[in-house]
Every structure is written in structure tokens, then in C-alpha cells.
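Peer 1: Read in this note's numbering, the sequence shown has 299 at position 223, and its numbers run on one by one without any break.
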Amino acid sequence: MTDSIITLSEPATGSAATISVVGASLLALELSGNRVIEAVDTDRQEFYSGVVMAPWSSRVSGGKWQLPDGRELQLPINEPDRNNALHGLVFDQTFQVSKSSDTSVELSIEISPTDGYPFHLKLAMFYELEEGELFCSFAVKNLSLETAPFGIAFHPYFSTSWLEGKALFQNDAETRFILNENLIATGRAKTASTSKDLSVGKAVVGAKLDDGFTDLKFVNGVSSTKLISESGQGVEVWQEDIFKHLVIYTTDVLPTKQGAVSAIAIEPSTSEVNAFNSKQDLLLLSAGETRSGSWGIRLT
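(1) Specify the secondary structure class of Q121 as computed by DSSP and reduced to three states.
(2) Got a sec, what are the start and stop residues for the alpha helix (DSSP H) N353 sits in?
(3) Provide the residue(s) that pair with W132 in DSSP beta bridges, ordered along the chain.
(4) For R135, which of I153, I81 and E86 has the nearest alpha-carbon?
(5) Within the region 181-217, note down every full beta strand (DSSP E) run reaching 3 residues or more, in order along the chain.
(6) So, helix, strand or coil for Q309, using DSSP?
(7) Alpha carbon to alpha carbon, how far is F230 from I304?
(8) Distance check for D317 and R147, CA to CA, integer angstroms please.
(9) How would you write the range of the beta strand (DSSP E) that T327 sits in, first residue to last?
(10) Helix or strand or just coil, what does DSSP make of R147?
(11) Return the residue from the list S338, T301 and V112 that minimises the CA-CA distance to V323.
(12) Between the alpha carbons of T78 and T170, how many angstroms are there, rounded?
(13) Suppose you measure from the CA of T118 to the CA of T332; what does that come to, to the nearest Å?
(14) Report, in whole angstroms, the separation of the C-beta atoms of S49 and L205, which I expect to be a contact under 8 Å.
(15) Along the chain, where does the beta strand (DSSP E) that runs through V337 open and close?
(16) I'd like to know if the region 238-249 and the region 213-222 are in contact, where contact means that at least 3 CB-CB pairs between them fall below 8 Å.
(17) For N159, which residues in the same chain have their Cβ closer than 7 Å to its Cβ, ignoring the five residues on either side in sequence?
(18) Enumerate in chain order the residues of its own chain whose CB-to-CB distance from K284 is below 7 Å, with the five nearest sequence positions on each side excluded.
(19) Contact between the region 350-370 and the region 269-279: three or more CB pairs below 8 Å?
(20) Suppose contacts are defined by Cβ-Cβ distances below 9 Å. Is R374 in contact with V311 by that definition?
(21) Rounded to whole angstroms, what is the Cα-Cα separation between L151 and P87?
(22) Which whole-angstrom value is the C-beta distance of M201 and V298, which I expect to be below 8 Å?
(23) When we look at the beta-carbon of P156 and count the other beta-carbons within 10 Å, is it buried (16 or more) or exposed?
(24) Can you name the start and end residues of the beta strand (DSSP E) that S370 belongs to?
(25) When you compare each of V281, Q309, V116 and T290 to K266 by their alpha carbons, which one comes out closest?
(26) CA-CA distance, W371 and L165?
(27) Quick check: the Cα distance between Y193 and L149, rounded to an integer number of angstroms?
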């Protein structure tokens, strides 16, 4: 472990994870010798490689939102081309390492009140390799004296270069969000029998998706998204039902040390795009309340 990069290792399974304290970012992941997440070889922030997105994820339209008491707030605009506040306040902030071992690490950060988000939170992230699987979890506590709206999501990129043949991704989400030119939701539509139907398996290469999905299928409280080859080899990203949403972003030009690769960001999310305005599935944390949730990555 260096001051900024943490390497988790599980030699018995040939698994390893690389995590940065900046954004508590999951930069690279190898499961049983398979390089499922390749480190991005660029300093360009717009890829948001592996970051934690909180206290909101995705976009807030115009950065403007309102509290129930009528207070109007303005978040910083960091997506000027679309005039949005994008991906929260911690993606470029340094987390502190609370504790660590060869196979696990806990990181934490305090989100201090600002004009655009006048709440005080403590956010903890936990990553652990166990039996060839990566477990990821969060816990957030509201240190404010009033109820704080909160959302969280994650932005890992999964490479297709380790899969043989055509790479497909699959999820049983029944609903997608209709997005305007600034990628803000204007409505919902069923996915069945459309180009956004992921249940039948969709090719990663050329998919050109940057979409939010909901009405996920949960079995025993868990939903899953698979990235697999036509032979069935691949990974499964599972998420607990606190994550009621999923964002899928695809690119054919993810810059890695091995060159540009086709990749897919599979993003477990607690709430929808522009949730500070829609209020859809926001976590409302009362004073002193703690909420938590988990997701993970395993080979199929």
C-alpha cells in the first residue's frame, strides 16, 4: 500500500484489487487470474473510473434543487456542456484509510455542509476479497440536526478484452428512463421489445448506452447484471435492494495500458437521475441515522 493506492491480494484464488483513496475508487480487479477491470491509463476525470458517487449520483439538472421548507439551493456545475451537477461531491476527494488487511480495506470521509448541500455526513466504504469474489459496501451517517437527502452509486468499468468472442451484458430491468438532450429524465418506458431490452443479452461493442434502468428483478433481495461471452464465461455484478436503480454506460475507447478497449460501466445506484428534484428513491436520513448497503463482483 502507498499513500494513495491500496492493493488487496488473495493469492490462494489469484485475485487482486487496486483501490485509490481518491474517490475510494476501484481502479482494477483481477478475479482468479482474469483481469475483469483494467486500470484506465489517463488523468482525464470525465471517465470517473471506479469512483464512489455521493451524496448524489448521476445528474442534477442545472445544479438546482429545493428543500421541503422552500430553501432553493445551487450545486456546482461540473458538466458545463449539459449544465448539470454531476456525480456528487466525493469523487475527487481523498478518503482516509480507517483500517486495512491484505484482503480488505475500510475508507471514510466526512462530507461537510456547503451552500449547495447544507448537510454533514460521514461516509464509510469497505472493500474485501473473499474466495475469489469482491464485496463492496457502504455506510453513511447523518451528523446533521435535520433530515438529509442522500444517494450513492458506483462507477466500475468492466473490460471485454479478457472474454473470448462476442461480449454480451444482461439484466432483467423492466423500465428505462427517457432522457432529454442533457441526459435528464423526462419520463419512463418499458424495456420489453425495445432496443433497451437487456433481458435477452446485448452486445457491448457498439451499444452506445448511457442509460438509467429501474424496476429491477430482485431474488431474495438481490438483483444481478451479467457480462459474459457467448460461451457463458464472465462476471456477475450483484446489488442489494437498497440499490433500486442501475446505470449502464458503454464505450469502445476506454484507454488502458493495453490500448483502447471496449468496456461497460455497470453502476449500482440507490436513486434515479436528477433525484434531488424528482425525489424518487432518495434515502432520507434523519438526524443521527445510519444506512448501509452492499454489492459485489464474482465470476459466473
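Glycine residues also receive a C-beta, built at the ideal position from the N, C-alpha and C atoms.
Peer 2: Answer, in terms of the structure:
(1) The residue labelled residue 121 in the question sits at position 45 within the sequence shown. Q121 falls in the helix class under three-state DSSP.
(2) Counting from one through the sequence shown, the residue named residue 353 turns up at place 277. DSSP places N353 inside the alpha helix (DSSP H), whose first and last residues are A351 to S354.
(3) Here residue 132 refers to the residue found at position 56 of the sequence shown. For W132, which the question treats as bridged, DSSP gives no partner whatsoever.
(4) Here residue 135 refers to the residue found at position 59 when the sequence shown is read from its first residue. The option with the nearest alpha carbon to R135 is I153.
(5) 197-206
(6) The residue given as residue 309 occupies position 233 in the sequence shown. Residue state, collapsed to three classes: coil.
(7) In the sequence shown, residue 230 corresponds to position 154, counting from 1. In the sequence shown, residue 304 corresponds to position 228, counting from 1. Taking the straight line joining both Cα atoms gives about 20 Å.
(8) Taking the first residue of the sequence shown as 1, we reach residue 147 at position 71. Taking the first residue of the sequence shown as 1, we reach residue 317 at position 241. Going from the Cα of R147 to the Cα of D317 covers about 31 Å.
(9) Here residue 327 is taken as the residue at index 251 of the sequence shown, counted from 1. Its beta strand (DSSP E) spans residues H321 to T332.
(10) Mapped onto the sequence shown, residue 147 falls at position 71. Reduced to three states, the DSSP call for R147 is coil.
(11) Looking up residue 323 in the sequence shown gives position 247. Answer by Cα proximity: T301.
(12) Translated into positions along the sequence shown, residue 78 becomes position 2. Translated into positions along the sequence shown, residue 170 becomes position 94. Its pLDDT being 49, under 50, T78 is placed unreliably by the model, and the measurement read from it follows with that caveat. Rounded to the nearest angstrom, the two C-alpha atoms are 14 Å apart.
(13) By 1-based counting over the sequence shown, the position of residue 118 is 42. By 1-based counting over the sequence shown, the position of residue 332 is 256. Rounded to the nearest angstrom, the two C-alpha atoms are 8 Å apart.
(14) Coverage of the chain is limited to positions 77 through 376, which leaves residue 49 absent and any answer about it impossible.
(15) Taking the sequence shown and counting its residues from 1, the one referred to as residue 337 is at position 261. G335 to S345 is the span of the beta strand (DSSP E), which, as asked, contains V337.
(16) With a cut-off of 8 Å, the region 213-222 and the region 238-249 do not count as touching, because too few Cβ pairs lie within range.
(17) Mapped onto the sequence shown, residue 159 falls at position 83. Excluding residues within five positions, the ones whose Cβ falls inside 7 Å are G138, I153 and N258.
(18) Your numbering for residue 284 matches position 208 in the sequence shown. So the list reads T326, once near-sequence residues are dropped.
(19) no
(20) Position 298 of the sequence shown, counted from the first residue, corresponds to residue 374. Position 235 of the sequence shown, counted from the first residue, corresponds to residue 311. It is a contact, given that the beta carbons lie within the stated cut-off.
(21) As a first step, residue 151 is located in the sequence shown; it is residue number 75 there, counting from the start. As a first step, residue 87 is located in the sequence shown; it is residue number 11 there, counting from the start. Distance between the alpha carbons of L151 and P87: 44 Å.
(22) Against the sequence shown, residue 201 aligns to sequence position 125. Against the sequence shown, residue 298 aligns to sequence position 222. Their Cβ separation, rounded to whole angstroms, is 20 Å, which puts M201 and V298 out of contact at 8 Å.
(23) Translated into the one-based positions of the sequence shown, residue 156 becomes position 80. By the 10 Å Cβ count, P156 comes out exposed.
(24) For the purposes of this step, residue 370 is taken as the residue at position 294 of the sequence shown. S370 -> beta strand (DSSP E) spans T366 to L375.
(25) Counting from one through the sequence shown, the residue named residue 266 turns up at place 190. Looking at the Cα atoms, T290 is the closest of the given residues.
(26) Position 295 of the sequence shown holds residue 371. Position 89 of the sequence shown holds residue 165. So the alpha carbons of these two residues sit roughly 21 Å apart.
(27) Looking up residue 193 in the sequence shown gives position 117. Looking up residue 149 in the sequence shown gives position 73. Taking the straight line joining both Cα atoms gives about 7 Å.
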